[in-house]
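Here our numbering runs 76 ahead of the position in the sequence shown, where the first position is 1.
Ideal Cβ positions, reconstructed from N, Cα and C, are used throughout, including at glycine.
Below: one structure, written as structure tokens.
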Amino acid sequence: MKSGAGGMLGMGLVAGLAAFTDLPFLIAPFGASAVLLFAHPATPLAQPANVVGGYALAAMVGLALALLFPGAWWAAALGVGLAIAIMLAFRVSHPPAGAVPILMVVAPGDPMALVGVVVTGSLALVALAILYHRLPPRHDYPRRPA
């Protein structure tokens, strides 16, 4: 129950940010991140560096490809592959972030604005998860490095 409530609050947070700012904070990858953050907080994939770092790197890849090859279907595919490789190289894998280059390439509007949305939204979700896991029953989040 606590995990489901956390996911609901996380999505409520980004939906509220979307409503307040008129920016597209309510993106599908954040729903997948909520599963990791609130249901599996001990996994390395849900740790703050992975969530924020993975999203930031994937957004940079997506931005570069969106600017270089706007609307190209193959740029979305290339972006996913590059994002995976770069996240692995930097040791900040976060699977939901793999969808960001697709979003950046195919979404209408300014891809620069999406970078801010992705990074800000990931920071907001991580901050909420840190606070939420302090409530009973407590979870050790973020995990302390061994």
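**OP:** State the Cα-Cα distance for the pair residue 132 and residue 170, rounded to the nearest angstrom.
**Re:** 10 Å
Original post:
Are the beta-carbon atoms of residue 163 and residue 197 separated by less than 7 Å?
Top reply: no
**OP:** Identify which residue in 84, 217, 212 has its Cα closest to the Cα of residue 206.
**Re:** 217
Original post:
With a cut-off of 8 Å, do at least 3 Cβ pairs link the region 177-192 to the region 133-153?
Top reply: yes
Original post:
Curious, which full-length alpha helix (DSSP H) runs of at least 4 residues does the region 150-197 contain?
Top reply: 176-182
Subject >> Alpha carbon of residue 110 to alpha carbon of residue 154, nearest angstrom >> reply: 26 Å
**OP:** Counting only the same chain and skipping the five closest in sequence on each side, list residues whose C-beta sits under 8 Å from that of residue 213.
**Re:** 78
Original post:
Once you ignore the five residues that flank residue 123 on each side, which residues in its own chain have a CB closer than 7 Å to its CB?
Top reply: 218, 219
Original post:
Where do the N-terminal and C-terminal ends of the alpha helix (DSSP H) with residue 97 fall, by residue?
Top reply: 78-97
**OP:** Would you decide whether residue 104 is buried or exposed? Buried here means 16 or more other CB atoms lie within 10 Å of its CB.
**Re:** exposed
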